[in-house]
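Q: Here our numbering runs 54 ahead of the position in the sequence shown, where the first position is 1. Backbone N, C-alpha and C fix where the C-beta goes; we use that ideal spot for every residue, glycine too. Since this is a predicted model, take the numbers as computed values, not measurements.
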Amino acid sequence: MSILTNDMSFKHRHLLGIEELSENDVSNILNLSERYIQLNREQQKKHNILRGKTLVLLFFENSTRTRTSFELAGKRLGADTINISVSSSAIKKGETLIDTAMTLNAMHPDLLVMRHPNAGAVNLLSHHVRGSVLNAGDGAHEHPTQALLDALTIRRHKGHLNGLIVAICGDIMHSRVARSNILLLQLMGAKVRVISPPTLTPTGIENLGVDVYHDMQQGIDGCDVIMMLRLQSERMQGSFVPSTREYFRFWGLDRKKLSFAKEDAMIMHPGPMNRGIEIDSEVADDITRSVILEQVEFGVAVRQACMELLALNLQKEG
Ligand code: NCD
55 MSILTNDMSF KHRHLLGIEE LSENDVSNIL NLSERYIQLN REQQKKHNIL RGKTLVLLFF
115 ENSTRTRTSF ELAGKRLGAD TINISVSSSA IKKGETLIDT AMTLNAMHPD LLVMRHPNAG
175 AVNLLSHHVR GSVLNAGDGA HEHPTQALLD ALTIRRHKGH LNGLIVAICG DIMHSRVARS
235 NILLLQLMGA KVRVISPPTL TPTGIENLGV DVYHDMQQGI DGCDVIMMLR LQSERMQGSF
295 VPSTREYFRF WGLDRKKLSF AKEDAMIMHP GPMNRGIEID SEVADDITRS VILEQVEFGV
355 AVRQACMELL ALNLQKEG
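#1: Under three-state DSSP, which class holds A205?
#2: Would you say V231 touches the ligand NCD, meaning its beta carbon is less than 7 Å from a heavy atom?
#3: For the alpha helix (DSSP H) that contains A175, what are its first and last residues?
#4: Compute the minimum distance between the beta carbon of P326 and the heavy atoms of the ligand MG, and state whether it is under 7 Å.
#5: Is any heavy atom in the ligand NCD found nearer than 7 Å to the beta carbon of Q286?
#6: Buried or exposed: which applies to L347, given that a residue is buried once 16 or more other Cβ atoms fall within 10 Å of its Cβ?
#7: Look at the Cβ atom of L166, then the Cβ atom of V187, and state whether they are nearer than 8 Å.
#8: Classify V167 as helix, strand or coil using the three-state DSSP reduction.
#9: Spatial neighbours of R230 within its chain, please: CB distance less than 6 Å, with the 5 preceding and 5 following residues excluded, ordered by chain position.
#10: From the DSSP output, in three-state form, read off R95 for me.
#11: With a threshold of 16 other CB atoms inside 10 Å of the CB of F304, please say whether the residue is buried or exposed.
#12: Report back the beta-carbon spacing between R357 and T199 to the nearest angstrom; my notes put them in contact at under 8 Å.
#13: Rounded to whole angstroms, how far is the Cβ of D278 from the Cβ of L206, which I believe are closer than 8 Å?
#14: Give the DSSP-derived three-state secondary structure of S141 in the structure shown.
#15: Find the nearest neighbour of D225 within the set I331, L254, V345 and A244, judged by alpha-carbon distance.
#16: Tell me whether G330, by its Cβ, gets closer than 7 Å to a heavy atom of the ligand NCD.
#17: Counting Cβ pairs, one atom from each stretch, are 3 or more of them under 8 Å apart for the segment 337-354 and the segment 314-325?
#18: Keeping to the same chain, check which residues put their C-beta closer than 7 Å to that of H211; ignore five residues upstream and five downstream.
#19: Could you compute how far the alpha carbon of H162 sits from the alpha carbon of L312?
#20: Bridge partners of E196, per DSSP?
#21: Roughly how many angstroms separate the alpha carbons of L93 and T108, rounded to a whole number?
#22: Can you tell me whether DSSP reads R329 as helix, strand or coil?
#23: Verify the contact flag: G191, CB atom, against every heavy atom of the ligand NCD, threshold strictly below 7 Å.
#24: Between which two residues does the alpha helix (DSSP H) containing M270 stretch?
#25: Identify whether L70 lies in helix, strand or coil by the three-state DSSP scheme.
#26: Just curious, the beta strand (DSSP E) that V220 is in, first and last residue?
#27: Assuming V176 and I138 make a contact with CB atoms under 8 Å, what is their CB distance in whole Å?
#28: Is the beta carbon of G353 less than 8 Å from the beta carbon of S123?
#29: When the Cα of V220 is compared with those of H181, V350 and H323, which residue comes out closest?
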């Protein structure tokens, strides 16, 4: 039995990015996710909403929390879930992405979750399969379910997103999390600041409507939410920061820098966290301010909601 109500319509076949969603789509996903948070806290977590459906997870980049989260979400909804590890698959033998997509498509998967190091690769996959494709991160482009779970975490704490000041700090240049969050938070009426060293600030980022700061104290001043990002060195060619020690001194979130935010400002991080580089353990572990583990918990619920909405559409299309 579905837990959807009639007003929760969702017109998309795939979830490729926040860019394609409306305010109403986001609200529907978040509202449905709230219900899954409750269901996931019960003893009996398994439901049969996706019984008979096949979910394929295809990760071309390392991942712990996102892959586990999607896998758990699929299993809790009752889907048959298959995990393709790229390191032991035919992809390593030189198969192209389109050939992989067509091979998988021949097995009739209903939902495909993909993470890929290249921006646009997930979109490409969606043109070659009949099932619904969910983007679990494509290069530095988008990571829609991360932004949705971040929004859900903020909304649960603050009651709303509209009018909040959110600072996204650190390696903006290489971050799909930053991009998806900027799009989603602004769509929902929040004011977004990005705080980053000039070398890690993408040119033209202000065209997205954000305020750009190159100083933590000024940027954090008066914020409701502080979102820290990892230095994504796997996407860097060359040196963007002098040393991690110096990076921590100027850009790492510690008690002192945090004191410039609002007294009840929340601390977020998508993980994996590098303690002592972008965030100090003292603030990361402060349960009165840090919601990092709640982000992980709510991530499963958000992915369940997205999969249910997409699977239902596919069913309607026949
Ligand atoms: C992020 C990612 O992969 O983009 N992590 C995640 O999905 N939880 C951020 C990162 O890798 O730093």
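A: The answer reads as follows:
#1: The residue given as residue 205 occupies position 151 in the sequence shown. It is helical.
#2: As a working mapping, residue 231 is identified with position 177 in the sequence shown. Yes - the ligand NCD has a heavy atom lying nearer than 7 Å to the Cβ of V231.
#3: What you label residue 175 is simply residue 121 of the sequence shown in a count that begins at 1. Counting along the chain, the alpha helix (DSSP H) containing A175 begins and ends at A175 to S180.
#4: Looking for the ligand MG in the displayed structure turns up nothing; the ligands present are the ligand NCD.
#5: Locating residue 286 in the sequence shown gives position 232, counting from the first residue. It does: the Cβ of Q286 is within 7 Å (strictly closer) of some heavy atom of the ligand NCD.
#6: Residue numbering aside, residue 347 sits at position 293 when the sequence shown is read from its first letter. Exposed is the call here.
#7: Reading the sequence shown from its first residue, position 112 is the one you call residue 166. Reading the sequence shown from its first residue, position 133 is the one you call residue 187. The answer is yes: Cβ separation under 8 Å.
#8: As a first step, residue 167 is located in the sequence shown; it is residue number 113 there, counting from the start. V167: strand per DSSP, three-state reduction.
#9: Within the sequence shown, the letter at position 176 stands for residue 230. Here the set comprises G191, A194, H195, E196 and H197.
#10: Looking up residue 95 in the sequence shown gives position 41. Residue state, collapsed to three classes: coil.
#11: Stepping through the sequence shown from its first residue, residue 304 is reached at position 250. Classification for F304: exposed.
#12: Reading the sequence shown from its first residue, position 303 is the one you call residue 357. Reading the sequence shown from its first residue, position 145 is the one you call residue 199. Yes, R357 and T199 are in contact; Cβ-Cβ is about 6 Å, under 8 Å.
#13: As a working mapping, residue 278 is identified with position 224 in the sequence shown. As a working mapping, residue 206 is identified with position 152 in the sequence shown. The Cβ separation is near 16 Å, so there is no contact.
#14: As a first step, residue 141 must be located in the sequence shown, where it is residue number 87. Three-state result, S141: helix.
#15: The count along the sequence shown starts at 1 and reaches residue 225 at position 171. Looking at the Cα atoms, L254 is the closest of the given residues.
#16: The count along the sequence shown starts at 1 and reaches residue 330 at position 276. G330: no, Cβ never under 7 Å from the ligand NCD.
#17: yes
#18: The residue labelled residue 211 in the question sits at position 157 within the sequence shown. Correct list, in chain order: M320 and V345.
#19: For the purposes of this step, residue 162 is taken as the residue at position 108 of the sequence shown. For the purposes of this step, residue 312 is taken as the residue at position 258 of the sequence shown. Between H162 and L312, the C-alpha separation is close to 50 Å.
#20: What you label residue 196 is simply residue 142 of the sequence shown in a count that begins at 1. Partner(s): D192.
#21: To locate residue 93, count along the sequence shown from 1; it is residue 39. To locate residue 108, count along the sequence shown from 1; it is residue 54. In a straight line, the C-alpha of L93 is about 22 Å away from that of T108.
#22: Reading the sequence shown from its first residue, position 275 is the one you call residue 329. Three-state DSSP puts R329 in a strand.
#23: Here the question's residue 191 lines up with position 137 in the sequence shown. Indeed, a heavy atom of the ligand NCD lies less than 7 Å from the Cβ.
#24: Against the sequence shown, residue 270 aligns to sequence position 216. M270 to I274 is the span of the alpha helix (DSSP H), which, as asked, contains M270.
#25: Translated into positions along the sequence shown, residue 70 becomes position 16. Three-state result, L70: coil.
#26: Looking up residue 220 in the sequence shown gives position 166. Here the beta strand (DSSP E) through V220 covers I219 to C223.
#27: Residue mapping note: residue 176 aligns to position 122 of the sequence shown, counting from 1. Residue mapping note: residue 138 aligns to position 84 of the sequence shown, counting from 1. At roughly 15 Å, the Cβ-Cβ gap does not stay under 8 Å, so V176 and I138 are not in contact.
#28: Residue 353 sits at position 299 when you count from the first residue of the sequence shown. Residue 123 sits at position 69 when you count from the first residue of the sequence shown. Contact flag set, yes.
#29: Within the sequence shown, residue 220 is the residue found at index 166, counting from 1. Of H181, V350 and H323, the residue nearest in Cα terms is H323.
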